[in-house]
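If you count by numbering that gives the first Met the number 0, then the sequence shown holds residues 0 to 284, one letter each, in order. See below for the structure under consideration.
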Amino acid sequence: MIFRNGPSRLLFMLLILAALILIALDLNSQKFREGRNYVNLIITPLQWLVDMPARLADNVSDVVVSRSSLVAENNRLRTEALVLEQRVLQNAALTAENRRLRALLNARSRVESEVRLAELVGVNPNPFRHEILTNLGSEDGITTGQPALDAGGVMGQVISVAPLISRVMLITDSRAAVPVETVRTGFRSVLLGNGNPESLELDFVPATTDIRVGDLLVTSGLGGRFPEGYPIAEVSEVTRDPGRPFLVIRAVPTARLDKSRHLLLLDRPPVLGAMESDSLEGNDG
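Listed below in structure tokens is the structure:
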């Protein structure tokens with residue numbers, strides 16, 4: 000009956016029988032278990048070698064993923080650091096601007112005239128014209144001749160006005176001339192611009208005049224162009240030449256002409272030929 004179903008059925012039965020015999024031997028034969036242990040001892044290193052490429056691939060993948068994560072984290076931290084740095088710089092700029100505005104408000108409290116707070120919006124690119132533009136014009140009540148100053152002192156004077164902007168000639172312009180006096184002695188003279196943004200000159204000062212480095216110059220109020228007593232410059236150099244009747248005197252502006260972004264425009268009546276040296280001819284300083 001067994002052989003009637005063909006060799007496949009016989010083979011199946013033989014395999015089952017062999018499996019049962021092996022199970023019985025495994026349970027009851029110590030020598031068989033020892034032999035299996037020896038086989039495992041030989042096969043285990045071979046299996047470890049076979050698995051090594053897969054493990055290496057997993058490790059390399061972990062390293063690549065870890066490095067990519069580190070690079071991404073580094074880029075994120077660097078971006079955050081730049082953002083924070085920009086915020087610090089922006090806060091520093093705002094702090095500095097607030098400091099300048101507070102100084103300007105303090106200067107305003109010392110001014111007896113009505114003033115308007117203006118903002119610098121442009122600079123004349125012509126190197127021979129020291130002029131700036133402000134954001135206030137005739138529609139804001141600005142007129143020619145109004146003095147301009149910052150927290151440090153006199154900057155210049157409005158010389159032309161449009162509806163929305165005004166043009167201010169700085170005291171360093173070669174056309175500028177301002178009647179001044181020294182605080183220490185009261186000596187009066189005319190302070191001239193010479194085209195140098197960091198230097199001014201006193202005109203026709205006799206060699207016998209008592210004037211020294213460090214003397215503060217203020218507006219004298221003569222000529223009606225500027226109110227009296229506003230700081231404008233400090234004497235930086237006094238040169239006496241025995242062969243000449245006049246001293247060579249240079250001074251530095253007290254205003255921050257090249258740095259101030261805000262300025263005060265004093266409410267003063269316009270004066271024809273304001274602050275220009277030609278209009279001072281015939282005045283006694």
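Quick reminder that beta carbons are idealized off the backbone N, C-alpha and C, glycines included. Just so it is clear, the structure is predicted and the values come from calculations on it, not from any experiment.
Would you mind giving the Cβ-Cβ distance between residue i and residue j, rounded to the nearest angstrom? I have them listed as a contact below 8 angstroms.
| i | j | result |
| --- | --- | --- |
| Thr253 | Gly136 | No, Thr253 and Gly136 are not in contact; Cβ-Cβ is about 27 angstroms, not under 8 angstroms. |
| Pro230 | Pro205 | With 8 angstroms as the limit, Pro230 and Pro205 do not qualify as a contact, their Cβ atoms being about 24 angstroms apart. |
| Ser165 | Arg187 | Their Cβ separation, rounded to whole angstroms, is 29 angstroms, which puts Ser165 and Arg187 out of contact at 8 angstroms. |
Using 8 angstroms as the limit for Cβ to Cβ distance, is residue i near chain D?
| i | result |
| --- | --- |
| Ser259 | Annotation note: the requested chain D is absent from the structure, which comprises a single protein chain. |
Can you look up residue i in the DSSP assignment and give me helix, strand or coil?
| i | result |
| --- | --- |
| Ala175 | strand |
| Thr312 | One cannot answer for residue 312 here, as it falls past the ends of the chain, which runs 0 to 284. |
| Gly222 | helix |
| Arg243 | coil |
| Met12 | helix |
| Leu300 | The chain is shown from 0 up to 284; residue 300 falls before or after that span and cannot be answered. |
| Thr253 | coil |
| Pro269 | Confidence in Pro269 is poor, its pLDDT being 43 and thus under 50, which makes the residue's placement too unreliable to answer from. |
| Glu138 | helix |
| Val120 | strand |
| Thr94 | helix |
| Leu264 | strand |
| Arg66 | helix |
| Asp283 | Residue placement at Asp283 is poorly supported in this model, since its pLDDT is 41, which falls under 50; the coordinates are not used for a value here. |
If you measure between the beta carbons of residue i and residue j, is that distance less than 8 angstroms?
| i | j | result |
| --- | --- | --- |
| Gly140 | Thr171 | no |
| Ala150 | Leu190 | no |
| Leu143 | Val160 | In the sequence under discussion, the amino acid at residue 143 is Thr, which differs from the Leu named in the question. Cβ atoms of Thr143 and Val160: closer than 8 angstroms. |
| Leu163 | His261 | no |
| Ala147 | Leu264 | yes |
| Asp266 | Glu138 | no |
| Phe127 | Gly228 | no |
Under DSSP, the beta strand (DSSP E) around residue i begins and ends at which residues?
| i | result |
| --- | --- |
| Leu148 | 146-148 |
| Ser165 | 165-169 |
| Glu197 | Glu197 -> no beta strand (DSSP E), and no H or E assigned at all. |
| Ser188 | 187-192 |
| Glu130 | 130-133 |
| Gly155 | 153-160 |
| Thr238 | 230-238 |
>> Does the segment 173-182 come into contact with the segment 253-269, if we say contact requires no fewer than three beta-carbon pairs (one atom in each stretch) closer than 8 angstroms?
In response: No, the segment 173-182 is not in contact with the segment 253-269.
> Do the segment 198-207 and the segment 245-252 make contact, defined as three or more Cβ pairs closer than 8 angstroms?
Replying inline: Counting Cβ pairs under 8 angstroms, three or more are found: they touch.
>> Below 8 angstroms, how does it come out for the segment 230-244 and the segment 210-221: are there three or more Cβ pairs, yes or no?
In response: A contact exists between the segment 230-244 and the segment 210-221.
> Quick one: any contact between the segment 153-172 and the segment 113-131, if contact means 3 or more CB pairs under 8 angstroms?
Replying inline: Using a Cβ-Cβ distance cut-off of 8 angstroms, the segment 153-172 and the segment 113-131 are in contact, since at least three pairs of beta carbons, one from each stretch, lie closer than that value.
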